[in-house]
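Some notes on the structure that comes next.
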Amino acid sequence: GTDGAAILSIYDDDDRSQAQAVYLKASRTPRRYVVPPLGSHRGTTLRLVAKLWGAGGGGGTLHIPPGSTVANASTFGGGGGFAQASFAVVAGETLEVFVGSGGRGAFADAPGAGGERGGNYGGRATDRAGAGGGGATELKRREMLLLSAGGGGGSGSKLMKDTCTPNGGAGGGSAGAQCV
Numbered sequence: 088g089t090d091g092a093a094i095l096s097i098y099d100d101d102d103r104s105q106a107q108a109v110y111l112k113a114s115r116t117p118r119r120y121v122v123p124p125l126g127s128h129r130g131t132t133l134r135l136v137a138k139l140w141g142a143g144g145g146g147g148t149l150h151i152p153p154g155s156t157v158a159n160a161s162t163f164g165g166g167g168g169f170a171q172a173s174f175a176v177v178a179g180e181t182l183e184v185f186v187g188s189g190g191r192g193a194f195a196d197a198p199g200a201g202g203e204r205g206g207n208y209g210g211r212a213t214d215r216a217g218a219g220g221g222g223a224t225e226l227k228r229r230e231m232l233l234l235s236a237g238g239g240g241g242s243g244s245k246l247m248k249d250t251c252t253p254n255g256g257a258g259g260g261s262a263g264a265q266c267v
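For what it's worth, the working numbering labels the leading residue of the sequence shown as 88, then goes sequentially.
So, in structure tokens, the structure goes:
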């Protein structure tokens with residue numbers, strides 16, 4: 088699956104001319120973001136707009152019998168969720184950003200690994216396996232979770248005789264996708 092991402096934009100409510108933004112991509116370790124001073128507004132309360140994307144789930148494979156011709160031999164992982172919020176911050180304050188990585192695909196009966204930040208391994212059945220789920224992207228202040236975008240679900244594998252395509256569910260919802 089595709090890795091998550093985060094965009095943090097900082098500005099002063101009274102003077103947006105000094106606005107700054109930073110883009111963060113997936114990493115195995117949390118990123119520390121120190122709120123920068125903007126112009127002559129050192130020590131005053133600033134506004135942080137956080138946009139977070141969770142990582143996508145991994146895709147799977149279609150088990151094709153020998154001699155068969157199939158146009159599409161894949162199942163697809165669910166996309167990561169999106170979350171956006173605005174927070175009051177102070178110049179010099181340190182925030183932590185955890186950006187999730189994408190889930191890995193499944194092949195035959197080998198499940199895919201889950202992405203960093205909570206994605207889990209795909210399941211395994213006798214003759215097939217599921218792909219790994221994507222990791223979440225999170226923004227924290229002193230260990231307190233401020234905002235989170237969930238990772239997408241990993242897809243299942245499919246046999247030719249199956250009547251549904253087990254694509255992964257999108258991140259951020261309360262339930263996975265139905266097999267269609």
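Don't be surprised by glycine CBs; every beta carbon is placed ideally from N, CA and C.
Residue i and residue j: beta carbons closer than 7 Å?
i, j, result
"G210", "G240", "no"
"T132", "V177", "yes"
"G217", "A193", "yes"
"G141", "S242", "no"
"L125", "R118", "no"
"G166", "A257", "yes"
"L232", "A137", "no"
"A108", "D90", "no"
"G255", "G189", "no"
Reducing DSSP to helix, strand and coil, say where residue i ends up.
i, result
"F163", "coil"
"A158", "For A158, the predicted model reports a pLDDT of 49, less than 50, meaning its position is unreliable; a value from the coordinates is still stated below. Coil, per DSSP."
"S244", "coil"
"D101", "coil"
"R115", "coil"
"R215", "coil"
"L226", "strand"
"A170", "strand"
"A142", "coil"
Tell me, to the nearest whole angstrom, how far the beta carbon of residue i is from that of residue j; I am working on the premise that it is less than 8 Å.
i, j, result
"G222", "G168", "About 11 Å; that fails the 8 Å criterion."
"R115", "E230", "19 Å between Cβ atoms; not a contact."
Starting from residue i, follow its DSSP beta bridges and name the residues at the other end.
i, result
"S96", "A108, V136"
"G147", "T162"
"V176", "L133"
"S235", "E225"
"T181", "V121"
"A197", "F194"
So is the beta-carbon of residue i under 6 Å away from any non-hydrogen atom of the ligand FMN?
i, result
"M231", "No copy of the ligand FMN appears in this structure; indeed no ligand is present at all."
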